[in-house]
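Q:
There are 2 protein chains.
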Amino acid sequence: MTDTSAPADQVFLRRHNLAMVLRDLRDHGPRSRARIAADTGLNKATVSSLVAELAELGLVRDGDVERGGGVGRPGQTVEIDGRVCGLGAEVNVDYVAVLVLDLRGEEVRYVRTPLDVPRLGVEKTLDELAVAIAAAADDAAATGHDIAGITVGIPGMVETAPGVLRHAPNIGWREVRIADELVARLPGPVTAIRVENDANLSALAESAMGASAGTADLVYVTGETGVGGGVISDGVLLRGTEGYGGEIGHMPIGDPAHRCGCGKLGCWEASVGLAALLREVADKDDPVTDPSVDLEVRLAEIRRRAALGDGRTLRGIEAVGTALGLGVAILVNLFNPRVIVLGGYFAALGEFFLPAMETELDKRVVAPARGGCRIELSALGFTAACRGGAHVALEAVFTDPASVAVATVPTPLPGGMA
Amino acid sequence: MTDTSAPADQVFLRRHNLAMVLRDLRDHGPRSRARIAADTGLNKATVSSLVAELAELGLVRDGDVERGGGVGRPGQTVEIDGRVCGLGAEVNVDYVAVLVLDLRGEEVRYVRTPLDVPRLGVEKTLDELAVAIAAAADDAAATGHDIAGITVGIPGMVETAPGVLRHAPNIGWREVRIADELVARLPGPVTAIRVENDANLSALAESAMGASAGTADLVYVTGETGVGGGVISDGVLLRGTEGYGGEIGHMPIGDPAHRCGCGKLGCWEASVGLAALLREVADKDDPVTDPSVDLEVRLAEIRRRAALGDGRTLRGIEAVGTALGLGVAILVNLFNPRVIVLGGYFAALGEFFLPAMETELDKRVVAPARGGCRIELSALGFTAACRGGAHVALEAVFTDPASVAVATVPTPLPGGMA
DNA sequence: AGTGTTCGTCGGATGGGACAACAAACTAGG
DNA sequence: CCTAGTTTGTTGTCCCATCCGACGAACACT
Numbered sequence: 016m017t018d019t020s021a022p023a024d025q026v027f028l029r030r031h032n033l034a035m036v037l038r039d040l041r042d043h044g045p046r047s048r049a050r051i052a053a054d055t056g057l058n059k060a061t062v063s064s065l066v067a068e069l070a071e072l073g074l075v076r077d078g079d080v081e082r083g084g085g086v087g088r089p090g091q092t093v094e095i096d097g098r099v100c101g102l103g104a105e106v107n108v109d110y111v112a113v114l115v116l117d118l119r120g121e122e123v124r125y126v127r128t129p130l131d132v133p134r135l136g137v138e139k140t141l142d143e144l145a146v147a148i149a150a151a152a153d154d155a156a157a158t159g160h161d162i163a164g165i166t167v168g169i170p171g172m173v174e175t176a177p178g179v180l181r182h183a184p185n186i187g188w189r190e191v192r193i194a195d196e197l198v199a200r201l202p203g204p205v206t207a208i209r210v211e212n213d214a215n216l217s218a219l220a221e222s223a224m225g226a227s228a229g230t231a232d233l234v235y236v237t238g239e240t241g242v243g244g245g246v247i248s249d250g251v252l253l254r255g256t257e258g259y260g261g262e263i264g265h266m267p268i269g270d271p272a273h274r275c276g277c278g279k280l281g282c283w284e285a286s287v288g289l290a291a292l293l294r295e296v297a298d299k300d301d302p303v304t305d306p307s308v309d310l311e312v313r314l315a316e317i318r319r320r321a322a323l324g325d326g327r328t329l330r331g332i333e334a335v336g337t338a339l340g341l342g343v344a345i346l347v348n349l350f351n352p353r354v355i356v357l358g359g360y361f362a363a364l365g366e367f368f369l370p371a372m373e374t375e376l377d378k379r380v381v382a383p384a385r386g387g388c389r390i391e392l393s394a395l396g397f398t399a400a401c402r403g404g405a406h407v408a409l410e411a412v413f414t415d416p417a418s419v420a421v422a423t424v425p426t427p428l429p430g431g432m433a
Numbered sequence: 016m017t018d019t020s021a022p023a024d025q026v027f028l029r030r031h032n033l034a035m036v037l038r039d040l041r042d043h044g045p046r047s048r049a050r051i052a053a054d055t056g057l058n059k060a061t062v063s064s065l066v067a068e069l070a071e072l073g074l075v076r077d078g079d080v081e082r083g084g085g086v087g088r089p090g091q092t093v094e095i096d097g098r099v100c101g102l103g104a105e106v107n108v109d110y111v112a113v114l115v116l117d118l119r120g121e122e123v124r125y126v127r128t129p130l131d132v133p134r135l136g137v138e139k140t141l142d143e144l145a146v147a148i149a150a151a152a153d154d155a156a157a158t159g160h161d162i163a164g165i166t167v168g169i170p171g172m173v174e175t176a177p178g179v180l181r182h183a184p185n186i187g188w189r190e191v192r193i194a195d196e197l198v199a200r201l202p203g204p205v206t207a208i209r210v211e212n213d214a215n216l217s218a219l220a221e222s223a224m225g226a227s228a229g230t231a232d233l234v235y236v237t238g239e240t241g242v243g244g245g246v247i248s249d250g251v252l253l254r255g256t257e258g259y260g261g262e263i264g265h266m267p268i269g270d271p272a273h274r275c276g277c278g279k280l281g282c283w284e285a286s287v288g289l290a291a292l293l294r295e296v297a298d299k300d301d302p303v304t305d306p307s308v309d310l311e312v313r314l315a316e317i318r319r320r321a322a323l324g325d326g327r328t329l330r331g332i333e334a335v336g337t338a339l340g341l342g343v344a345i346l347v348n349l350f351n352p353r354v355i356v357l358g359g360y361f362a363a364l365g366e367f368f369l370p371a372m373e374t375e376l377d378k379r380v381v382a383p384a385r386g387g388c389r390i391e392l393s394a395l396g397f398t399a400a401c402r403g404g405a406h407v408a409l410e411a412v413f414t415d416p417a418s419v420a421v422a423t424v425p426t427p428l429p430g431g432m433a
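In order, the protein sequences belong to chains S and X.
Using the numbering used here, the letters of the first sequence correspond one by one to residues 16 to 433.
Using the numbering used here, the letters of the second sequence correspond one by one to residues 16 to 433.
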């Protein structure tokens, strides 16, 4: 991720190596300086110097001494200090959520606030979100944590550069300067706020800490009210020129008889979105179609019926699964990912979808053996987008550790000695 | 493109800055050392040192002195030396071709050898290709050029790492170790040979030197026997995990009545490939459907009929154009490119396609104003893949200028003085 | 207790870039 | 013609980051 068109001086070099040591600790766990040197190819003396600087920044600290590690002097392990954190926030149709992750990837705090976002409108929803973020930040500060960055996920088309939401049909928002609006609502000096599509953030989360952690080529497909997607290719998120990439919901491969929420006929979303599933498995007066009932509960009921072998339910799921496989096949042909991760309700009903879906998939993928692609169900659940957001904030630290500089004050001395 | 997981020492730093100076000269033309310093942000003294090293490598040389450039001492311009070259080769259905491009991007040599590749088979075709490559290399050497690298484009699924072709249905090849086979056939020590899908190379060529040169987000779609595609996102080529990415021809969005060459029904290729066009605009006994006639000639005839306003022809082209727009809309929704480049016969008949295609496109793209995407017809014609191959070979030099080291002997002295 | 091994640090060497000063080469103007 | 002013490119010096060799420290094993 090093900028190829910037001049490289010693500062650049130092930053690169600082980042490399920090990432080594993240990816392979606590270890001695000698071991880091062996891992990275850097000189032992250099590693000592780098670790000292990272320690001064509050990013790493000395851990245990390696006892019983065979012959020779035991190593003094270095580990990532969990003080610095990233904050991920999410606005969805019926809730806002905030999640704080420390540099070690551990969850510090997670708060989900149910809200009727479309009814509440932009202003009040952002007020609520700002309160939730400020509360999480205060809470983190009280336990000695620092927030190094904030990323907000929104279910719509986002231009990341200025942090502007262009259009989010599911919550009815249009042209909202999310980043600026939040900065204005948050007290005190605020670190940079990034804004990103929620499915993109979920894809990043799956790639970084899901069941397939570390996968550099991954496509995330989530089924909720709409159908969203995020693509990670060769380790980087695909955004497109203006950040409009990954709009997979409106591929014209669905049944032309069904009208999509976007107004067009034959969108994929109209064949595999939540509405399509409910249409297939239930009648109008069936309680599972009642939007006032919690989605989790309704899905549990459908899962129950499927498990009992109910014909209508199974046929409906199979139909949706086949349509799902058709679209996923396109994604596999285009991106040749290592793994496809299914999220949202696809994950919840995954076991019943998979047979029909994989049958269709195998029919449509050109590459032999699906191009080495496997299908997986998301295990991150509703926290995926938030986790991805926190991850993005942390990634900035892993790319340029020195960026956390000054802001980080040493933990308040409990005793009070000068 | 700098490896983020390798230790950075001074050598790394030097390489980075050497590359930056060389790219500055490529992108902005000959200029003085002082100007390079201003462009890159490097110090004047550093630039002098870097230029001296590049000159010693034979990559740049002193050019004219800037006369009449206003007040002050005129600058001694530095320009890219065209001695070092990249070689691109292409295997297609009815020809093999070789193109040599010098470091300034100028064409040194282009040879196209008509061959009936499917009938000739793997061995003999590779023999012919090796002869063509060796001849081009000898020819280049005779005029004082050095080949720094070779890239071969193949119309099929390629695994780039070992340089192996997995499957190329249009020429009937399967599991061919292209790189190794060529090395064995070429005399003398051979620089690394890369192998890549031909549409991917064309996409790179369009992005690097087509009408939209410099575009970092670009999708190339070519219509020939099959329909191929190459995607460049954020400046890098999408390959996928195993290099199977970009298979756009078999998206299931075509008329289910038509069978594709792959055996499936409803592939996009079956609706917009060359066979589909001919089916729409001509009867079985029409000369334009005669495969023994050169494709260029047949396309010219179709273009003539369209220009005269022939109803059958225009309706046929419109039908294909609409189908083309449908598929392209998917690509725009997924990749949000800055430009879509149409190649192959799409480019040849472009003016007649565009209206129907753009109408369908606008109907199907979700992002406002097509997400800022424009449609363009390729101007590189049949040389696109070769150009892309040569470009890839040159790109290695622009990434690590020092890599051309030792091999480059100073041009033979014509006089013969010791 | 002695030996061998590994860890972490110290001092010096190497090398690359930044900075300031300077000579060179040109224009403009008297 | 000559001088002042400007820009270029080189030189010498300094700074800084990494590398290398050596050394003390800490441990296991005999």
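Cβ atoms here follow ideal geometry from the backbone N, Cα and C, with glycine treated the same way.
These numbers were taken from a predicted model, which means no experiment stands behind them.
Look at the alpha carbon of Ala220 of chain S and the alpha carbon of Ala285 of chain S, and state the distance between them as a whole number of angstroms.
A: Between Ala220 of chain S and Ala285 of chain S, the C-alpha separation is close to 27 Å.
Q: Using only the alpha-carbon positions, how far apart do Ala290 of chain S and Thr398 of chain S sit?
A: If you take the alpha carbons of Ala290 of chain S and Thr398 of chain S, they lie about 23 Å apart.
Q: Report, in whole angstroms, the separation of the C-beta atoms of Ile95 of chain S and Leu118 of chain S, which I expect to be a contact under 8 Å.
A: So it is a contact: roughly 5 Å between Cβ atoms.
Q: Which one of S:Ser227, S:Gly260, S:Ala207 and S:Arg200 has the shortest CA to CA distance from Asp213 of chain S?
A: Comparing Cα positions, the closest option is S:Gly260.
Q: In chain S, which residues lie with their C-beta within 9 Å of the C-beta of Ile268 of chain X?
A: Simply Met266, Pro267, Ile268 and Ile345.
Q: Run through DSSP, which three-state label would Glu71 of chain X get?
A: Residue state, collapsed to three classes: helix.
Q: Check whether the Cβ of Thr374 of chain S lies closer than 7 Å to any heavy atom of the ligand COA, and answer yes or no.
A: Ligands in the displayed structure: none, and consequently the ligand COA is not present.
Q: What three-state label does DSSP hand Ile186 of chain S in the structure shown?
A: In the structure shown, Ile186 of chain S sits in coil (DSSP, three-state: anything other than H, G, I, E or B).
Q: In chain S, which residues lie with their C-beta within 7 Å of the C-beta of His31 of chain X?
A: Simply Ala23.
Q: If we call anything under 8 Å between Cβ atoms a contact, is Thr237 of chain S one with Phe350 of chain S?
A: The answer is no: Cβ separation not under 8 Å.
Q: In chain X, what lies closer than 9 Å to Leu341 of chain S by C-beta?
A: Result: Pro267.
Q: Do Val36 of chain S and Val66 of chain S have their C-beta atoms within less than 8 Å of each other?
A: Yes; because the gap between Cβ atoms is below 8 Å, this pair is in contact.
Q: Output the distance between the C-alpha atoms of Pro425 of chain X and Ala408 of chain X, rounded to the nearest integer angstrom.
A: Note that Pro425 of chain X has pLDDT 39, beneath the 50 cutoff, so the model's placement of it is unreliable and the number below is only indicative. Taking the straight line joining both Cα atoms gives about 21 Å.
Q: Taking the Cβ atom as the reference point for each residue, do Ala394 of chain S and Ala226 of chain S lie within a distance shorter than 8 Å?
A: Contact: yes.
Q: With distances taken Cα to Cα, identify the nearest neighbour of Asp161 of chain X among X:Gly365, X:Lys299 and X:Leu74.
A: Ranking the options by Cα distance to Asp161 of chain X, first place goes to X:Leu74.
Q: Grab me the residues of Cys282 of chain S's own chain with a C-beta within less than 6 Å of its C-beta, minus the 5 sequence neighbours each way, in chain order.
A: Excluding sequence neighbours, Cys282 of chain S sits near His265, Gly269 and Cys275.
Q: For Glu262 of chain X, decide whether its Cβ has a neighbour in chain S, counting only Cβ atoms nearer than 8 Å.
A: Answer yes: the Cβ-Cβ gap between Glu262 of chain X and chain S drops below 8 Å somewhere.
Q: Using a Cβ distance threshold of 8 Å, determine whether the segment 370-380 of chain X contacts the segment 340-348 of chain X, with at least three qualifying pairs required.
A: Yes: the two stretches touch, three or more of their Cβ pairs being nearer than 8 Å.
Q: Hey, does Phe413 of chain S have any beta-carbon neighbour from chain X nearer than 8 Å?
A: It does not: the Cβ of Phe413 of chain S has no partner Cβ on chain X nearer than 8 Å.
Q: What runs of the alpha helix (DSSP H), each 4 residues or longer, lie entirely inside the segment 217-294 of chain X?
A: Entirely contained in the segment 217-294 of chain X, the alpha helix (DSSP H) runs reaching 4 residues are, in chain order, 284-287.
Q: From S:Asp24, S:Ala199 and S:Val191, pick the residue whose C-alpha is nearest to that of Thr61 of chain X; which is it?
A: Nearest of S:Asp24, S:Ala199 and S:Val191 to Thr61 of chain X, Cα basis: S:Asp24.
Q: What is the DSSP secondary structure of Ala157 of chain X, reduced to helix, strand or coil?
A: The answer is helix: DSSP assigns Ala157 of chain X an H, G or I state.
Q: Tell me, please, whether the CB atom of Phe397 of chain S is closer than 8 Å to any CB atom in chain X?
A: Not an interface residue.
Q: Compile a chain-ordered list of the residues in the segment 312-343 of chain X whose CB is closer than 7 Å to at least one CB of chain S.
A: Correct list: Leu341.
Q: Where do the N-terminal and C-terminal ends of the alpha helix (DSSP H) with Asp301 of chain X fall, by residue?
A: Where Asp301 of chain X is concerned, there is no enclosing alpha helix (DSSP H), given that its DSSP letter is neither H nor E.
Q: Over the uninterrupted beta strand (DSSP E) stretch that includes Asp117 of chain X, give me the two end residues.
A: Start and end: Tyr110 to Asp117.
Q: How many angstroms separate the CA atom of Gly404 of chain S from the CA atom of Pro306 of chain S?
A: Their backbone Cα atoms lie some 28 Å apart in a straight line.
Q: What residues are listed by DSSP as bridge partners for Leu65 of chain X?
A: According to DSSP, which records beta bridges pairwise, Leu65 of chain X is partnered with nothing at all.
Q: According to DSSP, is Arg46 of chain X part of a helix, a strand, or is it coil?
A: Arg46 of chain X: strand per DSSP, three-state reduction.
Q: Kindly indicate which three-state DSSP category Cys401 of chain S falls into: helix, strand or coil?
A: Three-state DSSP puts Cys401 of chain S in a helix.
Q: Buried or exposed, going by whether 16 or more other CB atoms sit within 10 Å of the CB of Pro429 of chain X?
A: Any reading at Pro429 of chain X must be qualified, since the residue scores a pLDDT of 38, below 50, and its modelled position is unreliable; the value itself is stated next. Burial call: exposed.
Q: Kindly list the residues whose CB is nearer than 8 Å to the CB of Gly336 of chain S, restricted to its own chain and excluding five residues on each side of it in sequence; keep chain order.
A: Excluding positions up to five away in sequence, the list reads Phe367, Phe368, Leu369, Pro370, Ala371, Met372 and Glu375.
Q: Going by DSSP in three states, Arg41 of chain X sits in which element: helix, strand or coil?
A: Arg41 of chain X: helix per DSSP, three-state reduction.
Q: For Val123 of chain X, write down the residues that DSSP places opposite it in a beta bridge.
A: For Val123 of chain X, which the question treats as bridged, DSSP gives no partner whatsoever.
Q: Beta carbon of Val167 of chain X, beta carbon of Ala104 of chain X: below 8 Å?
A: The answer is yes: Cβ separation under 8 Å.
Q: Reducing DSSP to helix, strand and coil, say where Leu357 of chain X ends up.
A: Strand.
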